[in-house]
Amino acid sequence: MLKLSPLNDEHVARGARMIDFGGWSLPVQYATSIIEEHLNTRENAGLFDISHMGEFMISGPDALIFLQHACVNDVALMKPGMAQYSTLCRDEGGVVDDVFYYQYAPDTFKMIVNASNKDKDLAWLTAISRRFEHVTIVDQSSQRSRVSLQGPKAQDILQRVVPVELDTIKRFQFTETTLKNAIPAFVARTGYTGEDGFEISFDASMASKAWNVLLDAGKDFHLLPVGLGARDTLRLEACYSLYGNEISESITPVEAGIEFIIKQSKQADYIGKRALLDQLRHGTRRKIAALKAIDKGIMRHGLEILDEAGVKTIGIITSGTYSPTLKESIALGLVDVDHNVLDGTVAVKVRDKLVKARIVPRPFYPYHPRR
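Quick note: the sequence shown uses our numbering, first residue 1, plus one each step.
Next comes the structure, spelled out in structure tokens:
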């Protein structure tokens with residue numbers, strides 16, 4: 001049986017088309033189209049249900065050194081009120097999951113993990129925590145509900161229903177506040193779209209109330225609920241990695257092009273450190289590349305990438321779509337480094353024809369701060 005979001009009834013009432021997403025029944029789109037939801041998020045704002053994501057509270061005197069050992073990024077750089085993106089890696093550099101965590105205090109953190117990896121992550125983190133005497137991990141996933149409010153008008157909308165001055169919350173920062181109608185809420189200036197926005201969590205019992213408070217506040221700003229379809233096209237334009245596509249147990253952060261999380265100045269030993277630093281120094285056989293189609297044809301996940309002559313296989317498409325913003329076919333793909341050259345041309349096998357594509361700088365759509 002599929003798991004249901006606390007907002008399931010809200011989605012059904014709005015005519016959402018529900019799909020099985022990693023064992024969850026979630027909206028892929030509403031009565032509108034994916035393209036309309038996508039463009040409205042770019043131009044106005046979109047509200048996403050992300051209640052399927054996992055949520056752990058990690059606390060105790062050893063919480064910081066535990067996370068320093070478990071996470072690739074340098075947790076010691078954080079201060080209370082800050083958020084940080086990282087990966088959890090195996091010894092050989094493969095990615096267990098990519099995560100966001102938020103520091104409440106030096107000994108208290110919230111970690112958000114991918115829904116499909118929640119049980120794996122919890123088991124992995126729990127096993128590592130046994131090496132530390134004073135750290136506790138509590139799975140709060142089922143007690144909490146989460147939404148993401150994204151787009152250039154996101155702050156204007158949220159400001160209508162919270163007392164805190166949102167200009168004081170910078171990117172990758174968070175606070176705890178209260179939404180209109182006495183709904184305690186966690187508010188972080190983070191997101192997965194390439195737009196300014198906020199990720200908001202609250203008690204699951206308050207989910208419908210909070211959802212409608214936000215939608216009502218957004219009526220004057222053309223706010224729309226947005227499904228998984230547009231969430232994926234938005235993140236792909238921004239070149240954000242999707243677990244299982246651009247990063248996985250067999251694709252390292254270096255291969256995925258997210259080396260920024262690997263701080264060579266980090267003194268603490270962490271799982272995967274030796275392998276990742278070695279890849280930084282000596283390179284890898286393959287790396288993620290951004291592709292724009294030259295010929296007509298939509299590049300999709302799993303398609304073969306060949307050299308310009310269409311003879312030799314040099315990679316595979318990890319994510320691909322028609323970009324509603326750019327109005328062209330875009331993709332990310334793992335490409336052999338010998339052929340992974342900016343402005344270079346490759347061929348992608350789309351059904352029975354070869355579609356020429358150019359390797360371009362990432363991202364397709366740069367992050368847009370509040371405007």
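Note that the Cβ used here is the ideal one computed from N, Cα and C, for glycine as well. As the structure is a computational prediction, the values presented were derived from the model and not from experiment.
Open item on the list: Alpha carbons only, please: which of A293, F260 and A290 is nearest the one belonging to L277?
Closed with: Your numbering for residue 277 matches position 277 in the sequence shown. The alpha carbon of L277 has as its nearest neighbour, out of A293, F260 and A290, the alpha carbon of F260.
Open item on the list: Measuring only the C-alpha atoms, how far is K349 from H339?
Closed with: Taking the sequence shown and counting its residues from 1, one reaches residue 349 at position 349. Taking the sequence shown and counting its residues from 1, one reaches residue 339 at position 339. Those two C-alpha atoms are separated by around 16 Å.
Open item on the list: Please identify the residue among P106, N114, Y102 and M82 whose C-alpha is closest to the C-alpha of V96.
Closed with: What you label residue 96 is simply residue 96 of the sequence shown in a count that begins at 1. Taking each of P106, N114, Y102 and M82 in turn and checking the Cα distance to V96, the smallest one comes out for N114.
Open item on the list: Going by DSSP in three states, P253 sits in which element: helix, strand or coil?
Closed with: Counting from one through the sequence shown, the residue named residue 253 turns up at place 253. DSSP places P253 in helix when its eight states are reduced to three.
TODO: To the nearest angstrom, report how far apart R84 and L149 are at their CA atoms.
DONE: Looking up residue 84 in the sequence shown gives position 84. Looking up residue 149 in the sequence shown gives position 149. First, the residue type needs correcting, since residue 84 is Gln and not Arg in the sequence shown. Each residue's Cα considered, the two are about 19 Å apart.
Task: Pairwise C-alpha distance: G229 and I34 - done: Looking up residue 34 in the sequence shown gives position 34. Looking up residue 229 in the sequence shown gives position 229. Spanning the two alpha carbons is a distance of roughly 6 Å.
Task: S319: first and last residue of the uninterrupted beta strand (DSSP E) it sits in - done: Walking along the sequence shown from the start, residue 319 turns up at place 319. First-last of the beta strand (DSSP E) with S319: T313 to S323.
TODO: Quick one: which unbroken beta strand (DSSP E) runs of 3-plus residues sit fully inside the segment 206-282? Chain order, please.
DONE: The segment 206-282 contains these whole beta strand (DSSP E) runs: 223-226.
Open item on the list: Measuring alpha carbon to alpha carbon, tell me which residue in G22, L26 and D20 is nearest R14.
Closed with: Taking the first residue of the sequence shown as 1, we reach residue 14 at position 14. Check the Cα spacing between R14 and each of G22, L26 and D20: the tightest is with L26.
Task: Residue range of the unbroken beta strand (DSSP E) whose run includes S129 - done: Locating residue 129 in the sequence shown gives position 129, counting from the first residue. For S129, no beta strand (DSSP E) run applies; the uninterrupted alpha helix (DSSP H) run containing it begins and ends at K118 to S129, by DSSP.
Open item on the list: Measuring straight from C-alpha to C-alpha, what distance separates K79 and I294?
Closed with: As a position in the sequence shown, residue 79 is number 79, starting the count at 1. As a position in the sequence shown, residue 294 is number 294, starting the count at 1. The straight-line gap from Cα to Cα measures roughly 46 Å.
Task: Under 8 Å between C-beta atoms of V335 and I305 - done: As a first step, residue 335 is located in the sequence shown; it is residue number 335 there, counting from the start. As a first step, residue 305 is located in the sequence shown; it is residue number 305 there, counting from the start. Taking 8 Å as the Cβ cut-off, V335 and I305 qualify as a contacting pair.
Task: Alpha-carbon spacing of Y192 relative to T41, whole angstroms - done: Position 192 of the sequence shown holds residue 192. Position 41 of the sequence shown holds residue 41. Approximately 12 Å between the Cα atoms of the pair.
Open item on the list: Taking the alpha-carbon of V135 as reference, which of S59, I169 and L77 has the nearest alpha-carbon?
Closed with: Mapped onto the sequence shown, residue 135 falls at position 135. Here the closest residue by C-alpha is S59.
- [ ] Just list the beta strand (DSSP E) runs in the segment 136-219, keeping only unbroken ones of 3 residues or longer that don't cross its boundaries, in chain order.
- [x] Runs of the beta strand (DSSP E) inside the segment 136-219: 136-139, 144-150, 174-179, 183-188 and 197-203.
- [ ] Tell me whether the beta-carbon of A256 lies closer than 8 Å to the beta-carbon of I247.
- [x] Position 256 of the sequence shown, counted from the start, is the residue given in the question as residue 256. Position 247 of the sequence shown, counted from the start, is the residue given in the question as residue 247. Going by C-beta atoms, A256 is nearer than 8 Å to I247.
Task: Straight-line gap, L125 to R171 (C-alpha atoms, nearest Å) - done: In the sequence shown, counting from the first residue as 1, residue 125 sits at position 125. In the sequence shown, counting from the first residue as 1, residue 171 sits at position 171. Taking the straight line from one Cα to the other gives about 27 Å.
TODO: Determine the direct distance from the alpha carbon of L234 to that of S51, and round the result to whole angstroms.
DONE: Residue mapping note: residue 51 aligns to position 51 of the sequence shown, counting from 1. Residue mapping note: residue 234 aligns to position 234 of the sequence shown, counting from 1. Taking the straight line joining both Cα atoms gives about 19 Å.
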